[in-house]
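Reminder that position 33 of the sequence shown reads as 33 in the numbering used here, one-by-one numbering, no gaps. Each residue gets a CB set at the ideal place from its N, CA and C atoms; glycine is no exception. If you're wondering where the values come from, they're calculated on a predicted model, not measured in any experiment.
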Amino acid sequence: MAFAHLHVHTEYSLLDGASRIKDLVRRTKELGMDAVAMTDHGVMYGAVAFYKEAKAQGIHPIIGCEVYLAPRQRQERAEVNGTRYYHLILLAENECGYRNLVQLI
Numbered sequence: 001m002a003f004a005h006l007h008v009h010t011e012y013s014l015l016d017g018a019s020r021i022k023d024l025v026r027r028t029k030e031l032g033m034d035a036v037a038m039t040d041h042g043v044m045y046g047a048v049a050f051y052k053e054a055k056a057q058g059i060h061p062i063i064g065c066e067v068y069l070a071p072r073q074r075q076e077r078a079e080v081n082g083t084r085y086y087h088l089i090l091l092a093e094n095e096c097g098y099r100n101l102v103q104l105i
């Protein structure tokens, strides 16, 4: 079974991602991997560019997003009654999953 990174941030994850999409796909190929996921924080701005670049380079693109689950309001990061907010990685398995993910985000 081949290895693929399933939690990767790109330049579209402000303050957290440094990888440019072309560089990410190029490096994935250099390392001999045949797939990689893009899971930016709460946004999918780079999904189309990522998909096109990965396909052009023979890499299987896995489109996803890192979302947050908060006990009350989404902007609240502090603990509420001992409960913190959580990160959740959502990955689209196919086109239907991609469409569902777009609606969620």
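Kindly indicate which three-state DSSP category residue i falls into: helix, strand or coil?
| i | result |
| --- | --- |
| alanine 35 | strand |
| tyrosine 12 | coil |
| leucine 88 | strand |
Does residue i pass the burial test, meaning 16 or more other C-beta atoms within 10 Å, or should it be called exposed?
| i | result |
| --- | --- |
| valine 48 | exposed |
| aspartate 40 | buried |
| alanine 56 | exposed |
| leucine 31 | exposed |
For residue i, collect the residues of the same chain with a Cβ closer than 8 Å to its Cβ; drop the 5 residues on either side in sequence, then sort them by chain order.
| i | result |
| --- | --- |
| glutamate 11 | Gly17, Ala18, Ser19, Arg20, Ile21 and Gly46 |
| glutamine 103 | none |
| valine 43 | Tyr12, Ser13, Cys65 and Ile105 |
Going along the chain, which residues of its own chain have a beta-carbon closer than 7 Å to the beta-carbon of residue i, five neighbours each way excluded?
| i | result |
| --- | --- |
| leucine 24 | Val8, Thr10 and Val36 |
| leucine 91 | Leu6, Ala37, Ile62 and Gly64 |
Within the present structure, is the beta-carbon of residue i separated from the nearest heavy atom of the ligand GDP by less than 7 Å?
| i | result |
| --- | --- |
| glutamate 30 | As far as ligands go, the structure on display features none, and thus does not contain the ligand GDP. |
With a threshold of 6 Å on Cβ separation, who are the neighbours of residue i within its own chain once the five nearest residues in sequence on each side are excluded?
| i | result |
| --- | --- |
| leucine 117 | Residue 117 lies beyond the stretch modelled for the chain, which goes from 1 to 105, so this question has no answer here. |
In chain order, which alpha helix (DSSP H) runs of at least 4 residues are fully inside the stretch 35-68?
47-56
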